């Protein structure tokens, strides 16, 4: 058996994440081993999942990977779990394009044959709530919606009113509800919720949320729906991993409150190709791990910790030396910002960074960029030869202030306009884009090969 269900919704902000966390915590309290997943490119919500389930939550994204990859990722992670809970993205049918289902929660629920629970906002509605549900049922005849969750109910009586209308007109059960004010105030931040690593009161808030869910949700019925999901066979194994490399290389991975946005698949692929990942904390002033053959500097919230980061000149000195020595480095978003000259806050305060890339970063009050990216490598690099394609996602509240001619690493099409992105060094690649290595696994081999060459070069000098 592979019990599973999807928490989806009519649109963004309808309460999917709050309800997902409440359900995860409730089933965990019942003694279930819960495996979490997130549809789409988001790397923030999986951090919340992990804080509750104590298991790594995985992104499921068909546009950046493939349907086979999504299926295999699900199977691999859920093998020893009692229950899998998949959090959707945006609205149920929203994905890469308004004209197709590609990348949508609907598409992923079909790939995984997973029943979906539709979250709807019933504030100010009664019988009309059934019309919303019916519309979602009928837009696609093979919809996976098997239950409804009501949010923003004015009272228990209001929830019961909507429940009766939906069950009569849609022939589908309402499995739970939340009233306005029921849920703790989980602060929102950028792409999803604030990082769980930053929330000191997280456990208390989740306990409050799960207590409410236990009272107002039919957990037995939801589990029955989840248990009715059919067996899904695995795709060919070659869609995921190749044989591990014979000779391991050591790759330092920045990981702390300021740097922790990584696609778990990227780390898995690096390990499978022979990387021994060595985690370190730039925020704590920890230097690059000894004998590293490469670095992976991921995204996060460096702007929240700019003062602390700027007070660790030893790390900056080591990063400069690593670049001087031609150590292979992949830097994404927050990692890219770390390598720049400086980071300026919206209040005008400016903090020095490593000073490797001749860019100054300015934080903005509003979103600077968001969206999927399919990029071409501009020149030969540690990722691959010129023209190599990769897919990823971009999301940030900062922009570049450059005082030198840009030396971009990526080119992509933006609504018919030719755009360039990032910075290409002799041995490093840095950009705002969070790449998904599964979009082109050959890139992982190229990174490992570059690290191996660096290792040999370093050995010859010793």
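In this note's numbering, the protein residues as written are 1 to 462. Using N, Cα and C, we set each Cβ at its ideal position, and we do this for glycine too. Quick caveat: nothing in here was measured; it's all calculated off a predicted structure.
Roughly how far, in whole angstroms, is the beta-carbon of residue i from the beta-carbon of residue j, given that I think they are within contact range, below 8 Å?
i	j	result
residue 410	residue 422	5 Å
residue 109	residue 175	With 8 Å as the limit, residue 109 and residue 175 do not qualify as a contact, their Cβ atoms being about 16 Å apart.
residue 341	residue 312	The pair is not a contact, with the Cβ atoms about 16 Å apart (cut-off 8 Å).
residue 334	residue 294	That pair is no contact at about 18 Å.
residue 382	residue 450	4 Å
residue 253	residue 277	5 Å
residue 43	residue 261	4 Å
residue 72	residue 232	Their Cβ separation, rounded to whole angstroms, is 10 Å, which puts residue 72 and residue 232 out of contact at 8 Å.
For residue i and residue j, I'd like the C-alpha separation in whole angstroms.
i	j	result
residue 211	residue 11	25 Å
residue 45	residue 21	9 Å
residue 19	residue 91	15 Å
residue 368	residue 398	6 Å
residue 376	residue 384	10 Å
residue 453	residue 406	27 Å
residue 162	residue 133	11 Å
residue 263	residue 59	7 Å
residue 205	residue 23	13 Å
residue 179	residue 157	10 Å
residue 307	residue 287	17 Å
residue 68	residue 460	43 Å
residue 98	residue 83	32 Å
residue 26	residue 74	21 Å
residue 182	residue 160	16 Å
residue 121	residue 394	29 Å
residue 54	residue 418	43 Å
residue 34	residue 89	19 Å
residue 145	residue 65	24 Å
residue 431	residue 9	32 Å
residue 61	residue 321	37 Å
residue 416	residue 429	25 Å
residue 152	residue 123	5 Å
residue 441	residue 339	26 Å
residue 332	residue 291	22 Å
residue 118	residue 70	21 Å
residue 165	residue 216	18 Å
residue 388	residue 457	26 Å
residue 289	residue 249	12 Å
residue 36	residue 420	35 Å
Could you please give me the residues that DSSP links to residue i through a beta bridge?
i	result
residue 131	Bridge partners of residue 131: none, in fact.
residue 121	151
residue 275	249
residue 320	DSSP, once it has assigned bridges, lists no residue as partnering residue 320.
residue 399	362
residue 351	343
residue 375	390
residue 417	414
residue 37	58 and 86
residue 381	384
residue 357	340
residue 224	None, per the DSSP bridge assignment.
residue 176	149 and 217
residue 370	395
residue 116	6 and 145
Can you tell me whether residue i is buried or exposed, with buried defined as 16 or more other CB within 10 angstroms of its CB?
i	result
residue 193	With a pLDDT of only 45 at residue 193, under 50, the local geometry of the prediction cannot be trusted, and the value read off the model is given with reservation. Buried, by the Cβ-count rule.
residue 280	buried
residue 94	buried
residue 100	exposed
residue 135	exposed
residue 127	exposed
residue 226	buried
residue 266	buried
residue 195	Confidence at residue 195 is low in this model, with a pLDDT of 49, below 50, so the placement of that residue should be treated as unreliable; the coordinate-derived value is given next. By the neighbour-count rule (16 or more Cβ atoms within 10 Å), residue 195 is buried.
residue 365	exposed
residue 86	buried
residue 328	buried
residue 141	exposed
Whole beta strand (DSSP E) elements within the stretch 60-109, 3-residue minimum: The stretch 60-109 contains these whole beta strand (DSSP E) runs: 83-87.
Segments of 4+ residues assigned as alpha helix (DSSP H) that fall wholly inside the stretch 282-341: Those alpha helix (DSSP H) runs which fall completely within the stretch 282-341 and span 4+ residues are 306-310, 313-324 and 334-339.
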